[in-house]
Amino acid sequence: MLKSIAAGGVAFLAGCVGDSPEDSDTKHWIGAQGSEAPNYNVFRITDTTSGDRVTRVMDPAYVFDENDEFVPRLIRDYEVNDDYTEWTFTLTEHGEWSDPYGAMTAEDWVYSITEILQGEDNWANASMADDWRMSVDEVPDGFEAADEDGEQAWFNVEETGEFEFTVEMPLPFPGFLEEPILWGFQEVIPKDLAEEFVEDQDGDAMNEDDEIQELSYTGNLGAFTVEVLEIEARMNATRNDDYYLRNYDGFEDAPFIEEWTYQVMSEESTRLSALQSGEITHSGVPPRRAEEFDDDIDDVNIFENPTVYCQSMFYNMRDDGWEGLQVPEVRQALTMAVDREELVEEVQYGYATVAHTLSPEYSDFYDNSEVVEWDYDPDAARQQLEDNLPSPYGYSDGRVVDGDGEEVVLNFVFSDSADDTELTARIIQEEMDEIGLEVELDEVPWNTMLDDYLYKEPGEAQEWDFMSGIGRNAYPRAPEATEGFWRPGESANGYGYDDPHGVADMLSDAARMADADERQSQLAEVFGILSEDQPWNFLYFPEDIEGYRDHVEPSEDSSIAWEYDINRWEIEQEQ
1 MLKSIAAGGV AFLAGCVGDS PEDSDTKHWI GAQGSEAPNY NVFRITDTTS GDRVTRVMDP
61 AYVFDENDEF VPRLIRDYEV NDDYTEWTFT LTEHGEWSDP YGAMTAEDWV YSITEILQGE
121 DNWANASMAD DWRMSVDEVP DGFEAADEDG EQAWFNVEET GEFEFTVEMP LPFPGFLEEP
181 ILWGFQEVIP KDLAEEFVED QDGDAMNEDD EIQELSYTGN LGAFTVEVLE IEARMNATRN
241 DDYYLRNYDG FEDAPFIEEW TYQVMSEEST RLSALQSGEI THSGVPPRRA EEFDDDIDDV
301 NIFENPTVYC QSMFYNMRDD GWEGLQVPEV RQALTMAVDR EELVEEVQYG YATVAHTLSP
361 EYSDFYDNSE VVEWDYDPDA ARQQLEDNLP SPYGYSDGRV VDGDGEEVVL NFVFSDSADD
421 TELTARIIQE EMDEIGLEVE LDEVPWNTML DDYLYKEPGE AQEWDFMSGI GRNAYPRAPE
481 ATEGFWRPGE SANGYGYDDP HGVADMLSDA ARMADADERQ SQLAEVFGIL SEDQPWNFLY
541 FPEDIEGYRD HVEPSEDSSI AWEYDINRWE IEQEQ
């Protein structure tokens, strides 16, 4: 499962029409995605668009339901020893790869994990390579070092039966099940398909392989079978009558949808018009239109769900960003300059809660007594900024200037994927102007923002100081999964946070704590540190507002797990 990020405000749509509502006689789910799917190599996926498409044709290992209970998929059961150092997982016995690869077995899973995800020097450039190791004071006997300094040890992953494998850790890991390691895991391919690339240690060849990029190996492991798959545009998949899950009680007729299509539709207005007219049957509805769709459009039902994604403004604290952003007091001043309550009301129309740290308030690990809340106060923000500007910066005629007296101009890059993102950027631009900071806006495509700005090395990246339009997953069930956001050198820490308080290590330690109270206290302290240090300007946690045509009948209650059971949703012909 990808360590997920989402385009701020991007709507994911779906419908159940055929070529048109009038001539359809099938249960056809048509989805419009706001950005293209850049890669179908399951070992390199880092975006939700590609991940959602893969999920249509290959189930994850397991998911959680609206009550945070384990729901089996390809993994059917698990056991853990008393000290949480050994987890044993049992796979379905009904899984089949596409010809000629035969049954899906534990051998395939162990090979993909040990030879690809744990491969030497991450030869496959796998996005989840760091998940299968842990920090240690010393590498214990029976484990292999995962770094040159001996500060990391690989998990031992072994086949213990045809459909069973065991994951052994050098230290207790009680939160392993809830972390996005095996939860949502799809990073497995047939051993016979992988062997050529493993032997040659050729990640680029694997990434360019037709079977891998076309997902043609997935057999009966997903609810649908790929018919058409394109990077920049369309995906079409038909109902998989051999779906392995049909062997289990309650899923005998799954999926209830006969055909699934995704199409890239970048314009929000196009997506909403399609929902209103019935050309599609589901859309993420922007907050400003929620009341209209709920009250005035009879054929659309609105569902509200809490979200795990924190909409934030990143600060570029790398060498290629403005030096002032490396100063915590400067970042605090910028947070005070932004009226986040206004963003909640003006951008989200009340369908959000102000964020103070990377944790929603509904999380079990959020503690008000630890969290610092920076209230909107432009006068105090300006004074704190003036008092803490690094040399040679200062104020002249009410504007922030450099040592030559030239006005400082900061570049604010944001994604073009949603109108709400642009509105947020413009409001923040005006608020920065109030405290004397000149900010220029730079609207770019989502993938460009990630590839050319955030993840590219300083000196090679495009210029930026502020960035928004990215929703980072707070992982409220297992916040330890956010460790990479704060650890220096991690790709997820593309903004260059130097982690002076050791937040990443604190998260790593929390993941090993078997005592629930001790873990809760540690995580609450982490969220307090982040709220004070302000490595991002934590803006708000939006609600997901989903609109469905009224012939769609969800089988689950609203929750952060929404659509986990979508293959059993009832969907009828629209009259």
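575 is the number that the UniProt record's numbering gives the last residue of the sequence shown; the numbers go up by one with no jumps. Cβ atoms here follow ideal geometry from the backbone N, Cα and C, with glycine treated the same way.
Among the options, which residue has its Cα nearest to the Cα of residue i?
i: E158; options: I113, A205, E138; result: I113
i: D242; options: E230, L221, V401, L229; result: L221
i: T335; options: F365, R382, S363, S369; result: R382
i: Y244; options: M513, S35, R76; result: R76
i: L423; options: R288, E543, Y362; result: R288
i: E463; options: P479, I560, E440; result: E440
i: R239; options: I571, E214, A223, E323; result: A223
i: P328; options: Y497, G502, D404, Y349; result: Y497
i: E144; options: D137, A153, E138; result: A153
i: V409; options: V400, A516, V139; result: V400
i: A106; options: L91, W97, Q118; result: L91
i: E211; options: R271, S269, L272, S98; result: S98
i: Q332; options: S415, T357, I257; result: T357
i: A124; options: W183, P488, N41; result: N41
i: E96; options: N247, N368, D83, E179; result: N247
i: P476; options: E361, G405, F485, N493; result: E361
i: D121; options: Q326, T218, E148, M467; result: E148
i: L523; options: A478, R549, H551, P554; result: A478
i: W569; options: E79, H282, S277; result: H282
i: H501; options: P488, A492, Y495; result: P488
i: D416; options: S369, Y366, M467; result: M467
i: S363; options: N447, W87, S521, F163; result: S521
In the DSSP assignment, find the unbroken beta strand (DSSP E) run with residue i in it and report its ends.
i: T482; result: That residue, T482, is in no beta strand (DSSP E); it is neither H nor E in DSSP.
i: N207; result: From DSSP, N207 is part of no beta strand (DSSP E) but of the alpha helix (DSSP H) over 203–208.
i: G51; result: Counting along the chain, G51 falls outside any beta strand (DSSP E), though it belongs to the alpha helix (DSSP H) covering 48–57.
i: T399; result: Reading off the sequence shown, one finds Arg at residue 399, where the question assumed Thr. Segment 399–401, the beta strand (DSSP E) holding R399.
i: P72; result: 70–72
i: P542; result: 536–542
i: E370; result: Per DSSP, E370 belongs to no beta strand (DSSP E) and is neither H nor E.
i: S396; result: 394–396
i: V439; result: 438–444
i: V167; result: 164–168
On the criterion of 16 or more Cβ atoms from any shown chain inside 10 Å, does residue i qualify as buried, or is it exposed?
i: A126; result: buried
i: N567; result: buried
i: G51; result: buried
i: A129; result: buried
i: N473; result: buried
i: G161; result: exposed
i: G9; result: For G9, the predicted model reports a pLDDT of 43, less than 50, meaning its position is unreliable; a value from the coordinates is still stated below. With 16 or more Cβ atoms within 10 Å of its Cβ, G9 is classed as buried.
i: T48; result: buried
i: D544; result: buried
i: V347; result: buried
i: V526; result: buried
i: I571; result: buried
i: A561; result: buried
i: Y455; result: exposed
If residue i and residue j are in contact, beta carbons under 8 Å, what's the gap, nearest whole angstrom?
i: V110; j: F155; result: With 8 Å as the limit, V110 and F155 do not qualify as a contact, their Cβ atoms being about 11 Å apart.
i: V167; j: I116; result: Contact flag wrong, Cβ pair sits at about 15 Å.
i: I265; j: A418; result: Here residue 265 turns out to be Met, not Ile, going by the sequence shown. With a Cβ gap of about 12 Å, M265 and A418 do not count as contacting.
i: N305; j: E546; result: 7 Å
i: F414; j: E434; result: About 19 Å; that fails the 8 Å criterion.
i: F412; j: D452; result: F412 to D452, Cβ: 15 Å. No contact.
i: A504; j: E483; result: 5 Å
i: R549; j: P172; result: With 8 Å as the limit, R549 and P172 do not qualify as a contact, their Cβ atoms being about 48 Å apart.
i: V188; j: D131; result: That belief does not hold up - the Cβ atoms of V188 and D131 are roughly 13 Å apart, past 8 Å.
i: I302; j: A290; result: 6 Å
i: P140; j: P170; result: 5 Å
i: E259; j: W29; result: 7 Å
i: V300; j: N388; result: Rounded, the Cβ-Cβ distance is 50 Å, inconsistent with contact.
Give the range of the alpha helix (DSSP H) segment to which residue i is assigned.
i: Y111; result: 106–111
i: A126; result: It is not in any alpha helix (DSSP H) - A126 carries neither H nor E in the DSSP assignment.
i: P328; result: 328–337
i: G528; result: 516–533
i: I428; result: 419–434
i: A380; result: 378–388
i: R289; result: 287–296
i: R472; result: Where R472 is concerned, there is no enclosing alpha helix (DSSP H), although the beta strand (DSSP E) it sits in stretches over 466–473.
Please check if any C-beta of chain B sits within less than 8 Å of the C-beta of residue i.
i: E407; result: Judged by its chain identifiers, the structure shown contains no chain B, having just a single protein chain.
Under 8 Å, with one C-beta from each stretch per pair, do the region 336–346 and the region 533–542 reach the 3-pair mark? yes
Examine the Cβ distances between the region 506–521 and the region 196–211 and report whether three or more of them are shorter than 8 Å. no
Counting beta carbon pairs with one atom in the region 298–313 and one in the region 514–530, are three or more of them shorter than 8 Å? no
Any 3 or more C-beta pairs closer than 8 Å across the region 50–66 and the region 222–235: yes
Is the region 59–67 touching the region 553–569 in the sense that three or more CB pairs, one from each, lie closer than 8 Å? yes
Is it the case that the region 347–362 contacts the region 537–556, given that we only count it when at least three CB pairs across the two stretches are under 8 Å? yes
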